[in-house]
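Residue numbers (this note's numbering): 47 to 422. Only one structure is covered here, and it is reproduced in the block below.
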Amino acid sequence: MSRVILPGATIGVLGSGQLGRMFAVAARRMGYRVHTFSPAEDTPTGHLADREVMAPYDDLDAVADFARRVDVVTFEFENVLSATTDCAASHAPVRPAGVVLQVCQHRLREKTFLRDRGFPVTPFRSVSSPEQLSRAASELGLPAVLKTAGFGYDGKGQTVIRDRDGLEAAWARMDGAQAVLEAFVPFQREVSVIAARGLNGEFAHWGVVENEHRDHILDVSTPEAPLSAALHDQAIDVTRGIVEALDVVGVLCVEFFIGPHDDLLVNELAPRPHNSGHFTFDASITSQFEQQLRAVCGLPLGSTELLRPASMVNLLGDLWSDGEPDWAAALTIPDVKLHLYGKAEARRGRKMGHMVAFGNSREDARERALTARGLL
């Protein structure tokens, strides 16, 4: 049996963005040290870490040295090379295992994994040439969505094809990369389930979260999505099946579409804490970040009970277009919590922070969150 990694130990994080920053807060609060590794410096995670290593992910000597100095390695960013995770695993436990990242960082591998194990996914075809794209469009019908097979997020690397006249331009945007064509889903809503699984197979989740997107980027997340009991239970059951099939130790998010007939379809997986779970930092007994820490260290998982109705809104770099946002104005609403990620440069579409608002109901919390952001 794997040993429990107790407070005082050192956690290594591959990646150095805002997810690692919030993980570092949770780890420090419980008495752990944190080292972070990424090609960048002066990073959101590095601001809070005990040690910040700046090196490319393919610098395996640096990866080996990093892993030797920690007690366990985890992730806040899944687009890490297989060679990196294999190298780290030869010096320290890696949780979740590198194979989980290999599946989830590549859309074709991910969708094939899910389909072959009977999980509900949107119909798709592998595409690696204009001829294959034309054939796939005939089989799936149009409109459809063409996506790069690897290393895409927040809508990057994807385009909607509305008719056959758009096939050539869509393929040109792929720049020769392997791609996946997915059937277009006229969904009612998008939801997610964030779950944790411990070393002993213990399972926990934060229910079903309703997500609203703008320009393919998450905009608002509100827990306790208004679904039927049967659909809620199905989403939880599918999520549990996926984390068990992948043998996840850590946190994983499953993003779903709810189709026009209340059919549930898996859209994407993220083998780490997720933007749609940021509300848990303030609104749950145990946040997704503390739960990640507990899971990878072999500790019992904590309660995921929601303390009060809450909703989260993202703060993108667009808010800085006319200068520094008016933080004091937003904080005149007393039931709002502000989180900024310490990023030096605000760019359009870049996630700079988020706010969580509390209310008397989920709808009230959502309105307060939107009102607070409007005051910025």
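Glycine is no exception: its CB is placed at the ideal position from the N, C-alpha and C atoms.
Rounded C-alpha distance that separates residue i from residue j
{"i": "P189", "j": "V173", "result": "16 angstroms"}
{"i": "R414", "j": "G323", "result": "18 angstroms"}
{"i": "S136", "j": "Q337", "result": "25 angstroms"}
{"i": "S349", "j": "G244", "result": "13 angstroms"}
{"i": "R97", "j": "V116", "result": "11 angstroms"}
{"i": "M47", "j": "P269", "result": "Below a pLDDT of 50, predicted positions are generally treated as unreliable, and M47, at 45, falls in that range; the measurement from the model is reported next regardless. Their Cα atoms are separated by approximately 35 angstroms."}
{"i": "V231", "j": "R67", "result": "35 angstroms"}
{"i": "R208", "j": "A182", "result": "14 angstroms"}
{"i": "V167", "j": "G54", "result": "42 angstroms"}
{"i": "P380", "j": "V140", "result": "41 angstroms"}
{"i": "V289", "j": "A70", "result": "24 angstroms"}
Which listed residue (the options) has its alpha carbon closest to that of residue i
{"i": "R286", "options": "V300, A275, S274", "result": "V300"}
{"i": "T326", "options": "A390, R49, V402, E156", "result": "V402"}
{"i": "L361", "options": "K193, I263, P139", "result": "I263"}
{"i": "D265", "options": "R412, V226, V284", "result": "R412"}
{"i": "H385", "options": "N321, Q148, I331", "result": "N321"}
{"i": "E122", "options": "Y78, P317, K157, Q148", "result": "P317"}
{"i": "T378", "options": "S333, L422, G222", "result": "L422"}
{"i": "E256", "options": "A356, A229, A218", "result": "A356"}
{"i": "A86", "options": "I207, A390, E248", "result": "A390"}
{"i": "R393", "options": "Q178, R408, W366", "result": "W366"}
{"i": "V254", "options": "A138, I57, R408, A143", "result": "R408"}
Extent of the continuous alpha helix (DSSP H) run through residue i
{"i": "D111", "result": "106-114"}
{"i": "D208", "result": "The residue you asked about is not Asp; residue 208 is Arg in the sequence shown. Note, R208: premise wrong, no alpha helix (DSSP H); not H, not E."}
{"i": "E336", "result": "334-342"}
Short CB-CB distance (under 8 angstroms) between residue i and chain B
{"i": "H320", "result": "Here there is only one protein chain, and chain B is not present."}
Bounding residues of the beta strand (DSSP E) (the contiguous stretch that carries residue i)
{"i": "R76", "result": "Looking at the sequence provided, one finds Met at residue 76 rather than Arg. That residue, M76, is in no beta strand (DSSP E); it is neither H nor E in DSSP."}
{"i": "R408", "result": "No beta strand (DSSP E) contains R408, which is instead part of the alpha helix (DSSP H) from 408-420."}
{"i": "R243", "result": "235-243"}
Original post:
Does the pairing of the segment 235-255 with the segment 207-215 give three or more beta-carbon distances under 8 angstroms?
Top reply: no
Original post:
Curious, which full-length beta strand (DSSP E) runs of at least 3 residues does the segment 249-305 contain?
Top reply: 249-260, 263-269, 296-304
Subject >> Inter-stretch contact (C-beta, 8 angstroms, three-pair minimum) for the segment 369-379 and the segment 349-358 >> reply: no
**OP:** Just list the alpha helix (DSSP H) runs in the segment 138-185, keeping only unbroken ones of 4 residues or longer that don't cross its boundaries, in chain order.
**Re:** 144-150, 153-162
Subject >> At least 3 beta-carbon pairs within less than 8 angstroms: the segment 276-285 vs the segment 118-136 >> reply: no
Subject >> Three or more C-beta pairs below 8 angstroms linking the segment 100-112 and the segment 131-151 >> reply: yes
Original post:
When the Cβ atoms of the segment 48-62 are set against those of the segment 75-89, are three or more pairs found closer than 8 angstroms?
Top reply: yes
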